[in-house]
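Let me begin by presenting the structure, written as structure tokens, before commenting on it.
Numbering (this note's numbering), first residue to last: 73 to 406.
Below, the structure is given as structure tokens:
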């Protein structure tokens, strides 16, 4: 099959930490160009990954004839213009989530994607992480009977958020970015829809935001959200960006009508609490770009490009996750 030339726009946290290093591990893909307005970041990434073309403007990258597909890993306010530029240049596009700060802007991107020759795939990486792929397979195989309820918990250390997005930066300008709770909840919302192949029909959130002096005034958040699903299930999502490292965690628990439960813990392992007294444990820990599914996602994307088929991960999935995430993030009770 034809080798796919990849261009990555954005050499920040996700671009340099996940997308750029993943390309070299994918058979049939080659990183041919990167773009970033910051010269230091751009040159460092180009040197480390031996990229010949390092542009200071994404328009130059999308006009490069060697680039077949573009991964947009810029700050959220720039996702739409960069993705539309790539689509209009005839490229296939992965756009990081959220697709945009607002639904109106996301709709503009989806409209452009509908007219383009290339396809647009939202970066919904939880569909590709080893622990959730294993969980979905176990559910389909009837390991817990019919699922009845699900709990998802994501507690992120406030110092980690401040390290990635320093106080005063674009992420904390909620009118421009949507804010950290909106930004970080989209993947788990999509995970619920994908795991059970169903739609979320009602959302009841309770949210509190707290300025944190310890991190220079970044905005801590605590959110508790109950959901009803079209298949009859109930769900609870718990988010916090106000915790320390000792209490940080990420886990998913799915209960079935057999009284058994699956627990996916911290991207490290999947546990079946079955009928026997002994629980069954699968260690599924991945390293580097595979940890959160970026490498697996990007490999799937490359195969879709090579085979000329649209991805099953649709632009509408990205928009739906945004729609629910915005409902949650705006539910301050004021």
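A virtual CB, placed ideally from N, CA and C, is assigned to each residue, including glycine. Only a predicted model underlies this, so the values are computations on that prediction, with no experimental measurement involved.
Counting only runs of 4+ residues, no alpha helix (DSSP H) is found wholly inside the region 258 to 303.
By the C-beta criterion, the region 271 to 280 is judged not to be in contact with the region 170 to 178, since fewer than 3 inter-stretch pairs fall below 8 Å. Between the alpha carbons of residue 97 and residue 367 lies a gap of roughly 8 Å.
Fewer than three pairs of CB atoms, one per stretch, sit closer than 8 Å, so the region 251 to 265 makes no contact with the region 370 to 383. Judged by beta-carbon spacing, residue 228 lies beyond the 8 Å limit of residue 253, meaning their Cβ atoms are not closer than that value. The Cβ atoms of residue 248 and residue 149 sit closer than 8 Å to each other.
Residue environment for residue 365: buried (at least 16 other C-beta atoms within 10 angstroms of its C-beta). DSSP places residue 209 within a helical segment (H, G or I) once states are collapsed to three. Exposure of residue 329 is indicated by the presence of fewer than 16 other C-beta atoms within 10 angstroms of its C-beta. For residue 231, there is no enclosing beta strand (DSSP E); the residue is found in the alpha helix (DSSP H) stretching over 230 to 236. Using a Cβ distance threshold of 8 Å, residue 221 and residue 327 count as a contacting pair.
Distance between residue 147 and residue 346, taken at the CA atoms: about 43 Å.
Going by C-alpha positions, residue 319 is about 20 Å away from residue 297. Each residue's CA atom was taken as its position, placing residue 158 and residue 344 some 44 Å apart. The DSSP-derived three-state label of residue 335 is strand. Taking the Cβ atoms as the reference, residue 207 lies roughly 22 Å from residue 400, outside the contact range of under 8 Å.
Shown here for residue 130: same chain residues with a beta carbon closer than 7 Å to its own, the five before and five after excluded, namely 81, 107, 154 and 157 in chain order. Pairing residue 372 with residue 283, the inter-Cα distance amounts to about 40 Å. Here the region 115 to 122 does not lie against the region 200 to 217, with fewer than 3 beta-carbon pairs under 8 Å apart. If one requires a minimum length of 4 residues, the alpha helix (DSSP H) runs lying completely within the region 101 to 150 are 111 to 121 and 130 to 134, in chain order. Collapsing the DSSP output to three states places residue 83 in coil.
With a threshold of 16 other beta carbon atoms within 10 Å, residue 387 meets it and is buried. Exclusion of the five residues before and after residue 315 leaves 227, 228, 229 and 230 as the residues of its chain whose Cβ lies within less than 8 Å of its Cβ. With a threshold of 16 other beta carbon atoms within 10 Å, residue 203 meets it and is buried. In terms of Cβ geometry, residue 86 and residue 105 do not form a close pair [threshold 8 Å]. For residue 182 and residue 351, the gap between their C-alpha atoms comes out near 45 Å. Looking from the CA of residue 187, the closest CA among 164, 200 and 168 belongs to 164. Under the 10 Å beta carbon count, residue 219 is surrounded by 16 or more other beta carbons and is classified as buried.
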